[in-house]
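Below is one structure; the comments refer to it alone.
There are 2 protein chains.
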Amino acid sequence: MNILTVGSVALDSIETPAGTVTDVLGGSAVYFSIAASYFTKVNLVAVAGKDFPDKHINLLREKKIGIEGLEIDNRGETFRWKGKYGENLNEALTLETNLNVFENFIPKIPSSYNDAKNLFLGNIDPDLQLHVLEQVKSPAVIGLDTMNFWINGKNNALKKVIRKVHIVLLNDKESKLLAEKNNILEAAKEILSMGPQYVVIKRGEYGAVLISKNSRFWAPAYPVDIVIDPTGAGDSFAGGFMGCIAWKNKLEDEILRQAVICGTVMASFAVEDFSIRKTSQLNNEDIRKRYREIRTITDFKTPDEFA
Amino acid sequence: MNILTVGSVALDSIETPAGTVTDVLGGSAVYFSIAASYFTKVNLVAVAGKDFPDKHINLLREKKIGIEGLEIDNRGETFRWKGKYGENLNEALTLETNLNVFENFIPKIPSSYNDAKNLFLGNIDPDLQLHVLEQVKSPAVIGLDTMNFWINGKNNALKKVIRKVHIVLLNDKESKLLAEKNNILEAAKEILSMGPQYVVIKRGEYGAVLISKNSRFWAPAYPVDIVIDPTGAGDSFAGGFMGCIAWKNKLEDEILRQAVICGTVMASFAVEDFSIRKTSQLNNEDIRKRYREIRTITDFKTPDEFA
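Quick note, the sequences are listed as chains A and B, same order.
Here the first sequence is numbered in our numbering, starting from 3 and rising by one per residue.
Here the second sequence is numbered in our numbering, starting from 3 and rising by one per residue.
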């Protein structure tokens, strides 16, 4: 089944111990869409500015991503983010943020997209997430991402959206902040009590955790040899995760576990190069091979005496 | 098969957010032996002082741990460690260390123990680890633990022992320090080049990693609801790990993976109470049940299309 996503399109300038890039393609909706495109048809709703290079639009087209909902706002420039990572690649230092056309973005869902069965509300203002929800007729699976900024600044609106979604994806710090708990298990329990059926807590190099009322699933990160740039890992995870669910077209524990592994695979490719350089150049066998590798590195038997 | 271990016996005074205890039974050899005792017969070589309470000796006897090699040195008091954990339970702050009789400890292996087939060299001076090795005739499996203090202070002696062992167990910081690498995969590769067949890197709440030349295994920590006291988690892990290998009596990948899970189970019990309060009171089914739970929380299928 198709998936519809709303989020940001950006031009990023990034410095990591591995190098420096300027004005490369980024943004949560871009990372998400490219990762999800290997699993299902993706339609994107976002905004870019008058300076947004044609080559990026062509890349999205090549990946068969629906861009009817990509608004080009000629009144301004594309959202820009400038950040830096030190030796500790777990945390970015933001050097500059220019929202530009993203500041006044009001997502409009093209009528051809409003019957989407899978919907991913990327990390944008919770009021806009609600506005998107209202425009989509009857989504069967809704996922949501958010960040500290909205948890602190728009807590009520955020909780209103969270009540309406099936899956919340967060990193560990965000989950503790949202739930006001110190431990991710308690945090997940608290977030489940807000309405969703599943919580996914992303822990960077330490993997991801999937929690529902009746089930818990622990996945490691795929061990990459060298991390070039962590930017977009979380969004690529979300793309692989939601893409797999849309592909399998079922909201059930066994599928969601597979989706976590698909997310893990896509995140691991994302960090192996800047921007979408690696995630946009994969073939299906690259993804399948890495999935099987994660199966291998996590596999163990139960001694007969323990069964 | 039996296992022989050498390490410390201590009386610990510990403060954690969950409470405070004074002069409770601790020490690497104690945590190790009690955890391993559920899997195999354990013999312990260590030293305690004239003040070491009989009740502790009785507990070791009850757990069927061989204490012929537990020297009671009447010239001084038992090794004491005083430490504190804040809200971040990953790192202990040492408030006081009194080596006491441990300072002049020279491990003597009783002749009845010198044909041990499994040997665990706990975290003591590498010169003493070598001295123990020389006293054991033909061990089939040798595991070793160490710490920053010896990596920095006795690097050459440590590397000399490491060359002679099959398995090195370290936490992530120690592995990076020993290997002089920033990434645990590279660190493991470097440590393997020093001689051992397997490296186990313990990552606290993030689980453990087992690496050999041909295989990698990633295990999560068992998600405990509340951590009361992390002291002894690493030693209990080592006890479950080495105990399982001695029980299964094979040094091969499939068994070592199971051993990592046994270690994970024992570490999870260790942190659920102070001292050995919990790990000394288990029954076999408690351990088996938690092993199966880890199987459940890590299990996922491979989509047919990916196989």
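Beta carbons are placed, not taken as given, at the ideal position from N, Cα and C, and that holds for glycine.
Since residue i meets chain A, which of its residues come closer than 8 angstroms, beta carbon to beta carbon?
i, result
"L187(B)", "P225 and D227"
"R82(B)", "None at all; the shortest Cβ gap to chain A is about 30 angstroms."
"E89(B)", "N184"
How would you call residue i, buried or exposed, if buried means at least 16 neighbouring beta carbons within 10 angstroms?
i, result
"R63(B)", "exposed"
"A31(B)", "buried"
"E105(A)", "exposed"
"S238(A)", "buried"
"Q131(A)", "buried"
"G265(A)", "buried"
"S248(A)", "This sequence places Ala at residue 248(A); Ser is not what is there. Buried, because 16 or more other Cβ atoms sit within 10 Å of the Cβ of A248(A)."
"P222(B)", "buried"
"L95(A)", "exposed"
"I108(B)", "exposed"
"R292(B)", "buried"
"T18(B)", "buried"
"R165(A)", "exposed"
"P55(B)", "exposed"
"D114(B)", "A quick correction: the sequence has Ser, not Asp, at residue 114(B). The residue in question, S114(B), is exposed, as its Cβ has fewer than 16 Cβ neighbours within 10 Å."
"K280(A)", "buried"
"A189(A)", "buried"
"A50(A)", "buried"
"S39(A)", "buried"
"A309(B)", "exposed"
Quick one: list the residues of chain B neighbouring residue i, beta-carbon separation under 7 angstroms, in chain order.
i, result
"Y208(A)", "Y208"
"T266(A)", "Within 7 angstroms Cβ-Cβ: nothing; T266(A) doesn't reach chain B, min ~10 angstroms."
"K303(A)", "E256 and Q260"
"P55(A)", "Per Cβ cutoff of 7 angstroms: no residues; P55(A) is ~34 angstroms from chain B at best."
"P141(A)", "None at all; the shortest Cβ gap to chain B is about 23 angstroms."
"P198(A)", "The contacting residues do not exist; P198(A) stays about 19 angstroms from chain B at best."
What residues from chain B crowd round residue i, counting only those whose CB sits closer than 9 angstroms?
i, result
"T42(A)", "Correct list: empty, because the minimum Cβ distance to chain B is about 13 angstroms."
"K215(A)", "Within chain B, no residue comes near K215(A); the closest Cβ sits about 15 angstroms away, beyond 9 angstroms."
"P128(A)", "Those within 9 angstroms of P128(A) in chain B number zero; the least Cβ separation is about 29 angstroms."
Please report the distance separating the alpha-carbon of residue i from that of residue j.
i, j, result
"A261(B)", "L258(A)", "28 angstroms"
"V8(B)", "E98(A)", "55 angstroms"
"I263(A)", "W220(B)", "14 angstroms"
"K139(B)", "D117(B)", "5 angstroms"
"L179(B)", "E274(B)", "29 angstroms"
"D227(A)", "L27(A)", "24 angstroms"
"L160(B)", "L91(A)", "31 angstroms"
"F276(B)", "G21(B)", "9 angstroms"
"N60(B)", "I67(B)", "10 angstroms"
"G155(A)", "I16(B)", "40 angstroms"
"D25(B)", "R82(B)", "8 angstroms"
"S177(B)", "Y208(B)", "15 angstroms"
"W234(A)", "Y33(A)", "Here residue 234(A) is Gly; the residue named in the question, Trp, does not match the sequence. Using only the alpha carbons, I get a separation of about 6 angstroms."
"D102(B)", "H133(B)", "One detail in the question is off: residue 102(B) reads as Asn in this sequence, not Asp. Between N102(B) and H133(B), the C-alpha separation is close to 21 angstroms."
"V170(A)", "F122(A)", "10 angstroms"
"R205(B)", "N157(B)", "22 angstroms"
"K175(B)", "A181(B)", "10 angstroms"
"E254(A)", "V163(B)", "51 angstroms"
"N150(A)", "S10(A)", "16 angstroms"
"G78(A)", "K52(A)", "6 angstroms"
"G88(A)", "N185(B)", "14 angstroms"
"L212(A)", "I230(B)", "24 angstroms"
"Q199(A)", "R218(A)", "12 angstroms"
Give the residues of chain A in contact with residue i, contact being defined as C-beta atoms less than 7 angstroms apart.
i, result
"F271(B)", "The contacting residues do not exist; F271(B) stays about 15 angstroms from chain A at best."
"R218(B)", "P225 and I299"
"F308(B)", "R290, Y293 and R294"
Interface residues of chain A around residue i at Cβ under 9 angstroms?
i, result
"P232(B)", "Going along chain A, no residue has its Cβ under 9 angstroms from P232(B), so there is no contact; the nearest lies around 13 angstroms."
Nearest chain D C-beta to residue i closer than 8 angstroms, yes or no?
i, result
"V49(A)", "Looking at the structure shown, chain D is missing, and the protein chains on hand are A and B."
Closer than 7 angstroms, Cβ to any Cβ of chain A: which residues of the stretch 287–301 of chain B, in chain order?
Result list: R290, Y293, R294, R297, I299 and T300.
Tell me the start and end of each unbroken beta strand (DSSP E) in the stretch 52–81 of chain A that is at least 3 residues and wholly inside, in chain order.
Segments of the beta strand (DSSP E) lying fully in the stretch 52–81 of chain A: 68–75.
Cβ-based contacts, 7 angstroms cut-off: residues of the stretch 171–195 of chain B near chain A
Listed by position along the chain: N184 and L187.
The stretch 244–264 of chain A: positions lying closer than 7 angstroms to chain B by Cβ:
Answer set for the stretch 244–264 of chain A: E256, R259, Q260 and I263.
Whole runs of the alpha helix (DSSP H) within the stretch 87–139 of chain A, excluding any shorter than 4 residues:
The stretch 87–139 of chain A contains these whole alpha helix (DSSP H) runs: 128–137.
Cβ-based contacts, 9 angstroms cut-off: residues of the stretch 101–112 of chain A near chain B:
Taking 9 angstroms as the Cβ-Cβ cut-off against chain B, none of the residues of the stretch 101–112 of chain A qualify.
Length at least 4, wholly inside the stretch 155–200 of chain A: the alpha helix (DSSP H) runs in chain order
Taking only runs of at least 4 residues, the alpha helix (DSSP H) segments lying wholly in the stretch 155–200 of chain A are 157–164, 174–181 and 186–194.
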